[in-house]
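Step one of this worksheet: look at the structure below.
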Amino acid sequence: MDIVTNDGDARRALQAELARFHCRVHQSDDPPLFTREPRPTMRSVHWRWRDLAPLLDRLGREVDLGAGGPRRTLRLQNPGLAEGTTHTFWCSIQVILPGEVATCHRHSASALRFIMKGNGAWTTVDGEHYAMNEGDLVLTPAGSWHDHVHRGSEPMVWLDVLDISLMRLLQATFFEPYAHDVQPVDRVPDRSWRQHGSGLMAPPRAAPGPYANPLLAYPQASAQAALDAAAGLPPDPHDDVVLAYRNPATGGPPMTTMGQQLQRIRAGFQGRRRRHTGSKVYYVLRGRGVSTVGDERYDWEAGDFFAVAPWAWHAHQGLEDALLFQVNDQPALQALGYYREELE
Ligand code: GTQ
Ligand code: FE2
96 MDIVTNDGDA
106 RRALQAELAR
116 FHCRVHQSDD
126 PPLFTREPRP
136 TMRSVHWRWR
146 DLAPLLDRLG
156 REVDLGAGGP
166 RRTLRLQNPG
176 LAEGTTHTFW
186 CSIQVILPGE
196 VATCHRHSAS
206 ALRFIMKGNG
216 AWTTVDGEHY
226 AMNEGDLVLT
236 PAGSWHDHVH
246 RGSEPMVWLD
256 VLDISLMRLL
266 QATFFEPYAH
276 DVQPVDRVPD
286 RSWRQHGSGL
296 MAPPRAAPGP
306 YANPLLAYPQ
316 ASAQAALDAA
326 AGLPPDPHDD
336 VVLAYRNPAT
346 GGPPMTTMGQ
356 QLQRIRAGFQ
366 GRRRRHTGSK
376 VYYVLRGRGV
386 STVGDERYDW
396 EAGDFFAVAP
406 WAWHAHQGLE
416 DALLFQVNDQ
426 PALQALGYYR
436 EELE
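Numbering (our numbering), first residue to last: 96 to 439.
Structural data, given as structure tokens:
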């Protein structure tokens, strides 16, 4: 006991000296660096559409879409974090009204948009021009110029997911406004889709583009057709029917930091539990179900979101034929060698 106390005194005394050389030693009251398993500060959360819908209406009426790069978004804020939906990425719901322009800029954060409600907006990404209609996934690779215009007649909402927290942790933040509101559109406005959109074939001598993933758009109809085909397989014991969006050039995830999945959970399905490192957020497109996440039970329905914290046991149950979109940070964990999973 004495030795420990003396050692504690010695360590404290040493600390005072070491500080001026920008060094330190471990102190007995320092929190442990290594825990037996992850102790996330991020919390699992459920956001209900019945709460979000009126907030989005208000946002559309009360918040201006100013010039110079800002966006009109409702951020899903994790109560366990100072900022962000999970500790690696941000989910925001962007509201855009007919005729509006979300002006052009570029940043080092990678982004994706999944269209929740409405039709008729278009995004331009480094000169390529893609429709944004319900159920479409469009990518904004790190560093690409992008602007969005709404040419439809009704307000639209889409989900923006950006790897902002990871980028900020890595202190790799860059942002640059464009000199004009929008950028010019290329003569072939949808080259990436024409070359790689089938996912099955590609021009044998396609010149590599500037990004790791040559494909910028994943339209709803193609994703749905793939999922319909997968529904003829035996159900996945944890996820029923699930497919991951992929980079057609590598077969890997569409982005280096974030993965996306589309999942069908049929009525009566009862999934087994699993847990893994990394965080994920689900958006419910349709149907109804129950997910148990840690000690929580989320009764979800169309329009809801829920976040799953790292290493939380979770399982899904289908009540009415359900379709869910998922974003996760698994590619980042896998690239760094930190992905771990337990299946029941
Ligand atoms: O649409 O470019 O939700 O730059 C956050 C940052 C959307 C966008 C967000 C952004 C955007
Ligand atoms: Fe942006």
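Glycine included, every Cβ here is placed at the ideal spot set by N, Cα and C. The model shown is predicted, which means the values in this text are computed figures rather than measured ones.
Of the residues the options, which one's Cα is nearest the Cα of residue i?
i	options	result
residue 392	161, 140, 226, 341	140
residue 319	338, 437, 331	338
residue 347	250, 279, 430	430
residue 209	314, 303, 152, 160	314
residue 271	407, 198, 416	198
residue 380	261, 103, 143	143
residue 343	306, 367, 368	306
residue 329	317, 359, 220	359
residue 297	259, 269, 345	345
residue 424	404, 289, 411	404
residue 236	165, 247, 309	309
residue 263	178, 317, 246	178
residue 420	124, 138, 117, 340	340
residue 124	432, 350, 394, 102	102
residue 374	118, 110, 138, 411	138
residue 250	110, 155, 432, 166	155
residue 350	299, 428, 418	428
residue 230	396, 418, 433, 434	418
residue 433	133, 119, 116, 111	133
Please state whether the Cβ-Cβ distance between residue i and residue j is less than 9 Å.
i	j	result
residue 242	residue 273	yes
residue 189	residue 180	no
residue 215	residue 193	yes
residue 311	residue 234	yes
residue 213	residue 228	yes
residue 386	residue 401	yes
residue 372	residue 436	yes
residue 304	residue 293	no
residue 357	residue 321	yes
residue 352	residue 203	no
residue 281	residue 195	no
residue 256	residue 376	yes
residue 413	residue 361	yes
residue 285	residue 378	no
residue 388	residue 406	no
residue 182	residue 136	yes
residue 382	residue 426	no
residue 438	residue 369	yes
residue 221	residue 240	yes
residue 184	residue 422	yes
residue 151	residue 191	no
residue 291	residue 301	yes
residue 244	residue 283	no
Taking the alpha helix (DSSP H) that residue i belongs to, which residues open and close that run?
i	result
residue 155	144-157
residue 241	Not the alpha helix (DSSP H): residue 241 falls in the beta strand (DSSP E), residues 241-245.
residue 414	Unbroken run through residue 414 is the beta strand (DSSP E), 409-423; no alpha helix (DSSP H).
residue 323	315-325
residue 289	286-291
The beta strand (DSSP E) with residue i in it runs from where to where?
i	result
residue 381	375-388
residue 254	251-257
residue 396	391-396
residue 227	223-227
residue 354	354-360
residue 216	216-220
residue 337	336-339
residue 189	185-191
residue 211	206-212
residue 403	400-403
residue 370	369-371
residue 197	196-202
residue 271	270-272
residue 446	No answer is possible for residue 446: the residues shown for the chain start at 96 and end at 439.
residue 436	436-438
Residue i and residue j look like a contact to me (Cβ under 8 Å); what is the Cβ gap, rounded to whole Å?
i	j	result
residue 390	residue 364	Not a contact, Cβ separation roughly 22 Å.
residue 232	residue 207	6 Å
residue 332	residue 366	7 Å
residue 122	residue 106	6 Å
residue 168	residue 187	4 Å
residue 113	residue 398	That belief does not hold up - the Cβ atoms of residue 113 and residue 398 are roughly 54 Å apart, past 8 Å.
Does any residue of chain D bring its CB to less than 9 Å from the CB of residue i?
i	result
residue 161	The question asks about chain D, but that chain is absent: this structure has only one protein chain.
Exercise for the section: Collect the residues with a C-beta less than 5 Å away from any heavy atom of the ligand GTQ and give them in sequence order along the chain. Expected result: Per the Cβ criterion, the list is 166, 168, 187, 255.
Practice task
Mind listing which residues have their beta carbon within less than 6 Å of any non-hydrogen atom of the ligand FE2? Chain order is fine.
Solution key: In chain order, the qualifying residues are 200, 202, 206, 241.
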